[in-house]
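Asks:
Protein chains in written order, with my numbering: chain H, 1 to 360; chain R, 361 to 720.
1) Would you mind sorting residue 564 of chain R into buried or exposed? The rule is 16 or more other CB atoms within 10 Å of its CB.
2) Going by beta-carbon coordinates alone, are residue 105 of chain H and residue 146 of chain H separated by less than 8 Å?
3) Please report the straight-line C-alpha distance between residue 415 of chain R and residue 46 of chain H, rounded to a whole angstrom.
4) Can you pull the chain R neighbours of residue 253 of chain H, defined as C-beta to C-beta under 8 Å?
5) Could you pull the start and end residues of the alpha helix (DSSP H) that residue 573 of chain R belongs to?
6) How about residue 528 of chain R and residue 659 of chain R: do their beta carbons lie closer than 8 Å?
7) Any chance the segment 159-175 of chain H sits against the segment 254-270 of chain H, with 3 or more Cβ pairs inside 8 Å?
8) Using a Cβ-Cβ cut-off of less than 9 Å, list which residues of the segment 410-440 of chain R approach chain C; keep chain order.
9) Residues of chain R with CB under 7 Å from residue 238 of chain H, in chain order?
10) Closest to residue 694 of chain R by C-alpha separation, out of R:623, R:393, R:503, R:395, would be which residue?
11) Run down chain R in chain order and give the residues with a C-beta less than 7 Å from the C-beta of residue 48 of chain H.
12) Of all the CB atoms in chain R, is at least one closer than 8 Å to the CB of residue 354 of chain H?
13) Looking at the C-beta of residue 359 of chain H, does it have a partner C-beta in chain R at a distance below 8 Å?
14) Distance, Cα to Cα, residue 477 of chain R vs residue 503 of chain R?
15) Taking buried to mean at least 16 other C-beta atoms within 10 Å of its own C-beta, is residue 84 of chain H buried or exposed?
16) Do you know offhand how far residue 199 of chain H's Cα is from residue 369 of chain R's?
17) Just to make sure I have the definition right: I need the residues of chain H whose C-beta is within less than 8 Å of the C-beta of residue 447 of chain R. Which are they?
18) Between R:446, R:385, R:589, which has its C-alpha nearest residue 651 of chain R's C-alpha?
19) What residues in the segment 448-460 of chain R have a beta carbon less than 8 Å from any beta carbon of chain H?
20) Identify each residue in the segment 126-149 of chain H for which the Cβ-Cβ distance to at least one residue of chain R is less than 7 Å, and report them in chain order.
21) Going by CA-CA distance only, name the one from H:109, H:153, H:317, H:129 that's closest to residue 35 of chain H.
22) I'd like to know whether the C-beta of residue 365 of chain H is nearer than 8 Å to at least one C-beta of chain R.
23) With a threshold of 16 other CB atoms inside 10 Å of the CB of residue 467 of chain R, please say whether the residue is buried or exposed.
24) Looking at residue 99 of chain H: is its Cβ nearer than 8 Å to the Cβ of residue 148 of chain H?
25) Any contact between the segment 431-438 of chain R and the segment 72-81 of chain H? By contact I mean 3 or more CB pairs, one from each, below 8 Å.
26) In the segment 64-144 of chain H, which residue ranges form an unbroken alpha helix (DSSP H) of at least 4 residues, counting only runs that do not cross its ends?
27) How many whole angstroms separate the CB atoms of residue 324 of chain H and residue 255 of chain H, which I take to be in contact at a CB cut-off of 8 Å?
28) Does residue 397 of chain R come within less than 8 Å of chain H when only Cβ atoms are used?
29) Kindly indicate which three-state DSSP category residue 629 of chain R falls into: helix, strand or coil?
30) What is the rounded straight-line gap between the Cα of residue 57 of chain H and the Cα of residue 132 of chain H?
31) Enumerate in chain order the residues of its own chain whose CB-to-CB distance from residue 272 of chain H is below 6 Å, with the five nearest sequence positions on each side excluded.
32) Going by beta carbon distance, what residues of the same chain come within less than 7 Å of residue 61 of chain H, once the five residues before and after it are set aside?
33) Between the Cα of residue 725 of chain R and the Cα atoms of R:603, R:372, R:457, which residue gives the shortest distance?
34) What residues in the segment 512-538 of chain R bring their beta carbon closer than 7 Å to a beta carbon of chain H?
35) Would you call the segment 511-529 of chain R in contact with the segment 583-601 of chain R, where contact means no fewer than 3 C-beta pairs closer than 8 Å?
36) Can you give me the C-alpha to C-alpha distance between residue 513 of chain R and residue 455 of chain R, rounded to a whole angstrom?
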């Protein structure tokens, strides 16, 4: 599909592994003083003196994490990088370097690979991150992208999942459920297209949720604003698997419980509307839908007035309790429902339904 | 094949992603003071104050880099880790942490995954490296292993590929070509087995080359010995793609040439014998065979006497010249042959010959 865009098609084997590495990495200038040596040696050399180094890896597999039918390669590259940056922001750190491992089958052209790296480049520019290494190899079937991100934080700035205390306020940035609605729209149009290849996909009017799915952003701005306001979260995690799953992580790691108010969960109007069209309760889309990459964090109550200054970006959705392991959703009519993680679980997906959310 | 060994078979979906991560990472105690936080948060936290951080990634794909027909999973895990450590030693550094990205199809059981991690654990123990993070997901076909290694070195200790000077001596550790011979033996026995499944593989007598292929070691000892002797290589690289390819890398990055003496190339007697059985000139196996993971490095001539003390482990095989880009092999009868990289080139391998060396 990616080849429709370009007339040129250069086969991967025309360049060979080293030619390919040279080509895809040539336009990645180093931006961070800590990036002493990038691509081109056995390892990159990084200097983080006096800082903590943060490291995280994500593996994205075609047919599991993305569907080439509707994922433009440039968007895919951008997203693959950004979701990794998000992990570093979730530690209250700053992403500084990435190394990219890529497995590609020869049904991809060099131009397709250029598109993928154009997306990675755009993400690196937007977030001031250096590409400092990689490994490119062939793959028997489809595309595999492994991105490892390195970040830094001052010792006293690192925020773990484990620091939440009873009575801390539970906060979330942005709004939730949109990325999942975007996925449902794309899956619906794909199914229509497969049934009738002459059909034009109906994507207009869904811009917000499609962008949430295809081109998510990491909340660099929220981390910076919190710092500027002098708020250090007591615990933090990014929302990749859905709100419920992430709350349970914070509770487990911190040894606390949580009371979550359903009517406080931030939803974009378009997310709510589309959810209803799909006969999904909007808050359930937020609780169980993944890939929003918003930040979920807890703050001490003393910071309540400060966080009000971020009310456009941050919503207080509940509070932590001393009831270790008990996380509950309080519905608008005061029903209490135990929270369960029903997010992405790639291992429960049958081979015929790859990429589709499990709903057990 | 991995399931023949164990009676138990637990399906991956019985544990789910988080259960799986808990299971495979539970027995990895942190050994390095710099590993402040390992598995279980958005990112690992590493403290390398006053040191350079080194980072390298390798992606291993089933059917391209390994063949499950003859690769025990424990060996595969060990090798996947060790080849990454080798990249850090090749910078004259010490590997300290790894993060592991794993894509697996559900034809693998949890017990198979345990085997793979047992190999990674063994490597971490042998090389004093901490597993500090990972990402485990399903894969549509086969196994994908992405390992990112983090290492450290004092600022003044880092050795790049680019530091070789004219008249430096070219040195190599251990002996070469063995891993390639091991691969040829395994491929031969696989072909025999496919032709006649009742046949017993004939692997006895090939122990050395099989171990070179299936369970390579990184030359931690050589790096330590060089330090003890006060020798700092002027340039260094590890041999993953074959001697010729790596020499060309050093020449290119350092802007020098090289004269290599064919009769100095270290070969184990069993490598030479097997090469002849396959009608391959033994030195060609060393020049073009990959995966030996020995160290190739250059030293100043003033260190010649010191390096003699390592003559059991290190061989001087040539010297660097000012003839930028001209790398030549001097045969025993004084013929001069331009060196060409004919090592692994995974993109040139047709889909029917995956895993087989290209010979163009």
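The beta-carbon is built from N, C-alpha and C at its ideal position, and this holds for glycine as well. Keep in mind the model is a prediction, meaning the values are calculated, not measured.
Replies: Working from what's here:
1) exposed
2) no
3) 8 Å
4) 400, 401
5) 567-574
6) yes
7) yes
8) Of the chains in the structure shown, none is chain C; the protein chains are H and R.
9) 402
10) R:623
11) 408, 413
12) Here residue 354 of chain H scores only 27 on pLDDT, less than 50, and its place in the model is too uncertain to base an answer on.
13) In this prediction, residue 359 of chain H scores a pLDDT of 33, lower than 50, which makes its location untrustworthy; no coordinate-derived value is stated.
14) 13 Å
15) buried
16) 46 Å
17) 42, 43
18) R:446
19) 448, 450, 451, 453, 457, 459, 460
20) 132, 133, 134, 135, 137, 138, 139, 140, 141, 142, 144, 146, 148
21) H:129
22) Missing from the structure shown is residue 365 of chain H; chain H here goes from 1 to 360 and no further.
23) exposed
24) yes
25) no
26) 73-89, 110-127
27) 5 Å
28) yes
29) helix
30) 15 Å
31) 282
32) 144
33) Here chain R covers residues 361 to 720 and nothing more, so residue 725 of chain R does not appear.
34) 518, 520, 521
35) yes
36) 9 Å
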